[in-house]
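To convert, take the position in the sequence shown, counting from 1, and add 106; that gives the working numbering.
Here is the structure we will look at, set down as structure tokens.
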Amino acid sequence: MLALALAAALAQAEQPPEWTPSHRYRARLEVDPRGRKRSGSPASIDLDFPRLFKVLGASGEFDETSLEVTGYDAAGRPRVFDASRLEGERTLLPWRVERYFGTGRVTLRFVVPDATWTRVAVYFDTVSSGLGKPRRYPGLVGDGDRFVEGFKRREINASHFDQFVDFDGDGDLDLFKGGVEPYVTCFENIGRNLLVDRGRLTSAGSLFVLPCSREHRSWVTVAFHDWDGDGDQDFFPSFSDGPDAGRIVFYRNTTRENGGQLTFTRVGPLVTVSGGAVAGGEQAGGWFPSVCFADWDGDGKTDLIVGSNNRCWLYRSTDSQRLADAVALRAGGEEIRLVNPRFDCADIDADGDLDLFAGCQPGPIYWFQNRGSRTQPELAEGVVLAYGGKYLIGDAHSGVKVADFDGDGLQDLVAGRFWERTELGEADRPRDYGGLWKNVGTKTAPKFDRRGANAGAPYTEGFQICDAVRQNGVRAVDWNGDGRSDLLAGDTDGFVWCFFNESDRRFPVFATGVKLRAEGGPLNVVESGGHARFDVCDWNNDGAQDLVVADGDGTVTLFLGRDGGLGAGRRIGVQAGARASVLVCDWDNDGKKDLVLAGGREYLVCRNEGDDANPVLAPARSITFEGQSVRYVRPNLGSFVDWDGDGKKDLIGCHFENSIRFYRNLGRGAAGEEPRFASPEGTVIVRASSPQMISGADAVDWNGDGDLDILTGQGHGASGLRFYERDFLDDEAAGLRPGVTLRGADRR
Numbered sequence: 107m108l109a110l111a112l113a114a115a116l117a118q119a120e121q122p123p124e125w126t127p128s129h130r131y132r133a134r135l136e137v138d139p140r141g142r143k144r145s146g147s148p149a150s151i152d153l154d155f156p157r158l159f160k161v162l163g164a165s166g167e168f169d170e171t172s173l174e175v176t177g178y179d180a181a182g183r184p185r186v187f188d189a190s191r192l193e194g195e196r197t198l199l200p201w202r203v204e205r206y207f208g209t210g211r212v213t214l215r216f217v218v219p220d221a222t223w224t225r226v227a228v229y230f231d232t233v234s235s236g237l238g239k240p241r242r243y244p245g246l247v248g249d250g251d252r253f254v255e256g257f258k259r260r261e262i263n264a265s266h267f268d269q270f271v272d273f274d275g276d277g278d279l280d281l282f283k284g285g286v287e288p289y290v291t292c293f294e295n296i297g298r299n300l301l302v303d304r305g306r307l308t309s310a311g312s313l314f315v316l317p318c319s320r321e322h323r324s325w326v327t328v329a330f331h332d333w334d335g336d337g338d339q340d341f342f343p344s345f346s347d348g349p350d351a352g353r354i355v356f357y358r359n360t361t362r363e364n365g366g367q368l369t370f371t372r373v374g375p376l377v378t379v380s381g382g383a384v385a386g387g388e389q390a391g392g393w394f395p396s397v398c399f400a401d402w403d404g405d406g407k408t409d410l411i412v413g414s415n416n417r418c419w420l421y422r423s424t425d426s427q428r429l430a431d432a433v434a435l436r437a438g439g440e441e442i443r444l445v446n447p448r449f450d451c452a453d454i455d456a457d458g459d460l461d462l463f464a465g466c467q468p469g470p471i472y473w474f475q476n477r478g479s480r481t482q483p484e485l486a487e488g489v490v491l492a493y494g495g496k497y498l499i500g501d502a503h504s505g506v507k508v509a510d511f512d513g514d515g516l517q518d519l520v521a522g523r524f525w526e527r528t529e530l531g532e533a534d535r536p537r538d539y540g541g542l543w544k545n546v547g548t549k550t551a552p553k554f555d556r557r558g559a560n561a562g563a564p565y566t567e568g569f570q571i572c573d574a575v576r577q578n579g580v581r582a583v584d585w586n587g588d589g590r591s592d593l594l595a596g597d598t599d600g601f602v603w604c605f606f607n608e609s610d611r612r613f614p615v616f617a618t619g620v621k622l623r624a625e626g627g628p629l630n631v632v633e634s635g636g637h638a639r640f641d642v643c644d645w646n647n648d649g650a651q652d653l654v655v656a657d658g659d660g661t662v663t664l665f666l667g668r669d670g671g672l673g674a675g676r677r678i679g680v681q682a683g684a685r686a687s688v689l690v691c692d693w694d695n696d697g698k699k700d701l702v703l704a705g706g707r708e709y710l711v712c713r714n715e716g717d718d719a720n721p722v723l724a725p726a727r728s729i730t731f732e733g734q735s736v737r738y739v740r741p742n743l744g745s746f747v748d749w750d751g752d753g754k755k756d757l758i759g760c761h762f763e764n765s766i767r768f769y770r771n772l773g774r775g776a777a778g779e780e781p782r783f784a785s786p787e788g789t790v791i792v793r794a795s796s797p798q799m800i801s802g803a804d805a806v807d808w809n810g811d812g813d814l815d816i817l818t819g820q821g822h823g824a825s826g827l828r829f830y831e832r833d834f835l836d837d838e839a840a841g842l843r844p845g846v847t848l849r850g851a852d853r854r
């Protein structure tokens with residue numbers, strides 16, 4: 107059908123625009139502005155580039171990095187988008203591709219500069235053409251995409267929610283990642299442990315949306331295994347939210363042979379011979395059930411080793427692959443007890459039996475050596491192999507995979523965590539994204555040495571996200587005075603990161619994040635509960651940039667700028683609820699800086715009763731909305747800006763991890779008058795695709811087009827820093843995204 111539609115489009119195509127780059131192929135798009143005035147609008151269209159090659163009589167592997175997106179005027183001439191760029195790049199529009207594992211289709215997202223940009227061409231080519239430019243950043247689109255650091259290698263791991271598995275049967279381990287959202291992201295190992303993002307998992311040609319809650323959350327843990335022995339990988343996700351919460355569900359791989367479309371068919375939750383649910387009954391409890399497949403007792407049948415209720419449960423496989431009821435595995439004479447564990451099995455010491463390995467929510471990776479036999483396992487007490495440090499927040503969700511990752515005949519292990527964490531005693535260590543613990547011993551006496559992306563660990567290569575750990579809050583500020591907006595981000599461990607902008611606003615690329623320092627060491631609020639939420643201001647009007655940092659205990663610390671850095675912190679005598687956030691602004695329009703706080707279940711204001719250069723803060727009092735406080739848990743800041751253009755500043759606040767909200771100022775905006783707001787619900791301007799995927803809000807004109815955009819961090823669900831263009835937010839509210847139509851395709 108698509109081929110026929112393309113052929114019809116080719117026949118009816120208008121006079122094609124001027125061909126500008128050296129690419130051999132292009133698709134011509136028509137953009138419908140939908141009657142809206144536009145400024146930097148994100149737009150999107152689904153394209154199947156392998157099918158386009160076929161229609162155009164070409165062949166080869168599509169090279170995503172060869173893509174160029176250019177707009178044209180009515181006469182077919184290319185239009186300049188950014189005159190400050192190098193010759194040959196000034197007409198390029200920012201773009202991003204979202205992939206779908208198991209299909210040739212992608213979603214192309216790109217920027218429409220204004221309502222007159224209705225003609226767009228997408229140039230593309232094959233890998234063999236050599237036209238790909240992987241080191242040229244394609245730009246920031248503005249639909250919640252994440253800011254990036256420069257092109258580099260970065261380690262990648264399998265946390266509790268993920269799995270290394272040879273999915274395509276080519277002899278190396280691919281990686282499938284789960285988490286909060288009801289999707290699985292797939293990385294193909296193309297050799298030497300280089301993992302390439304192939305997109306989200308599909309089934310029968312469509313995005314595979316897993317069972318989830320009404321809020322679109324699954325907390326899925328991924329497991330694949332060829333359960334029916336037909337040579338392909340069946341799927342066994344387990345869930346902590348949605349209708350299958352606490353269950354492990356069997357999806358049979360029903361893909362047809364000879365390269366058929368990847369398809370999974372639901373069989374149902376795993377149950378035992380007695381009818382009980384696997385990970386149910388006595389085994390239920392806690393979060394994040396997990397499963398590992400192994401012939402534990404050497405009888406030739408595949409058993410299940412399940413982590414749930416903080417234990418390790420063995421479900422032996424009987425005849426016809428039926429599962430016996432659970433038995434708790436023991437080590438060192440005691441039942442194995444770990445917080446939300448995930449297990450792997452391998453004969454690490456070449457003695458003919460299976461040893462047990464475990465990751466856990468606090469983080470350490472354990473080895474339980476089998477001192478019994480292949481048929482009668484007996485586990486020794488666990489020994490910590492990795493991640494034995496201390497953390498402020500015990501939420502690492504580590505995972506481990508044992509295999510010969512470097513092909514030297516020895517069993518290695520790869521370990522990693524769901525979020526990069528900072529050990530409290532080693533605050534200056536480089537970022538840790540997991541790694542390879544290479545076996546540098548012998549087959550019978552393993553010994554492990556940590557290796558990174560340049561020494562054998564699985565890695566990705568490209569523009570890596572600005573990773574600010576989980577529950578991060580972000581502010582845009584020119585921190586080093588070079589005229590470019592940098593990103594500061596506070597993290598859950600109590601540190602504040604700086605990502606220096608090395609480019610511009612439309613195609614921004616940032617330096618590797620570094621921790622801000624105060625009085626010679628890393629700035630932190632570890633001792634008062636971490637969760638650094640901050641604002642930047644000139645607190646004492648001395649011309650230096652200062653930081654005001656709220657924390658997990660609800661206290662606020664001032665770090666004054668001096669000599670190009672920050673001095674020691676001192677407490678400001680105000681108090682908010684737990685996991686507070688802070689905003690410095692002129693709340694009552696009297697020309698003096700005040701302090702707005704959020705924490706617990708309310709917003710608070712501390713008016714400045716001193717002068718602007720020497721603030722003296724009154725006790726905190728609640729901000730009400732027609733006499734009411736907000737109804738949601740953990741309100742989060744936020745900005746005080748004129749969002750609706752009526753000349754009065756409005757409040758931008760958040761229902762933490764769920765939504766960003768606009769509270770319109772209904773007051774007069776007169777000098778000395780505090781703002782007045784209506785409903786405590788406000789108006790949602792950003793809603794997370796799933797809960798736990800946003801954190802905080804900074805309302806700034808990031809891309810310089812004259813309107814206010816939103817920058818936000820990410821909550822429990824991820825760790826990047828995200829950009830929402832104002833046009834995208836307005837389009838979402840109105841249900842009027844730009845329409846994009848494929849008008850034709852041609853070749854040079």
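The beta-carbon is built from N, C-alpha and C at its ideal position, and this holds for glycine as well.
Cut-off 8 Å between Cβ atoms - residues of its own chain near residue i, not counting five sequence neighbours on either side
i    : result
W543 : L491, A492, D518, L519, V520, A521, F554, D555, R556 and R557
E732 : F783, A784, S785 and P786
D652 : V642, C643, D644, W645, N646, L664, F665, L666, G667 and L672
F253 : L246, I571, C572, L593, F605, P614, F616, G826, L827, R828 and F829
P628 : A533, D534, F601, K621 and L622
T481 : D403, G404 and D405
D756 : F746, V747, D748, W749, D750, F768, Y769, R770, N771 and P781
Beta-carbon proximity list for residue i, same chain, < 7 Å, skipping 5 on both sides
i    : result
G658 : S634, G635, G636, H637, A684 and R685
V855 : Shown here, the chain extends from 107 to 854; a query on residue 855 therefore has no answer.
T661 : S634, R677 and Q681
V631 : G600, A638, V655, D657 and T663
G716 : V722
C466 : L444, V445, N446, P447 and S504
Identified DSSP bridge partners for residue i
i    : result
H761 : P741 and S765
T847 : E136
H822 : Bridge partners of H822: none, in fact.
K407 : DSSP, once it has assigned bridges, lists no residue as partnering K407.
G705 : E708
W419 : V412 and A434
Nearest candidate by alpha-carbon position, reference residue i, set the options
i    : options                   : result
P127 : N630, P184 and R639       : P184
A595 : D641, N586 and A559       : D641
L376 : A400, L198 and R428       : R428
T789 : A840, E780, S346 and G812 : A840
Y289 : E124, R306 and A502       : R306
I729 : V711, K160 and S745       : V711
S163 : T424, Q577, C418 and R130 : With the sequence shown as reference, residue 163 is identified as Gly, and Ser is not the correct amino acid for it. Selected option, being the one with the closest Cα: R130.
D512 : G562, D336 and S380       : G562
Residue i, DSSP secondary structure in three states
i    : result
G374 : strand
K553 : coil
A117 : Residue placement at A117 cannot be trusted, given a pLDDT of 41 that sits under 50; what the coordinates show is reported in the next sentence. Residue state, collapsed to three classes: helix.
R196 : coil
F155 : helix
F253 : coil
N560 : helix
F834 : helix
A674 : coil
E174 : strand
A840 : helix
V233 : helix
V632 : helix
D461 : strand
Q427 : helix
Residue i Cβ short of 7 Å to the ligand GDP heavy atom set
i    : result
Q389 : For the ligand GDP, the structure offers nothing, since it holds no ligand at all.
Spatial neighbours of residue i in its chain, beta-carbon cut-off 6 Å, leaving aside the 5 residues before and after
i    : result
R422 : D409 and A430
Presumed contact (8 Å Cβ cut-off) between residue i and residue j, rounded CB distance
i    : j    : result
L700 : N714 : First, the residue type needs correcting, since residue 700 is Asp and not Leu in the sequence shown. Going by Cβ atoms, the distance from D700 to N714 rounds to 5 Å, so yes, they are a contact pair.
V137 : W223 : 6 Å
V315 : I354 : 18 Å between Cβ atoms; not a contact.
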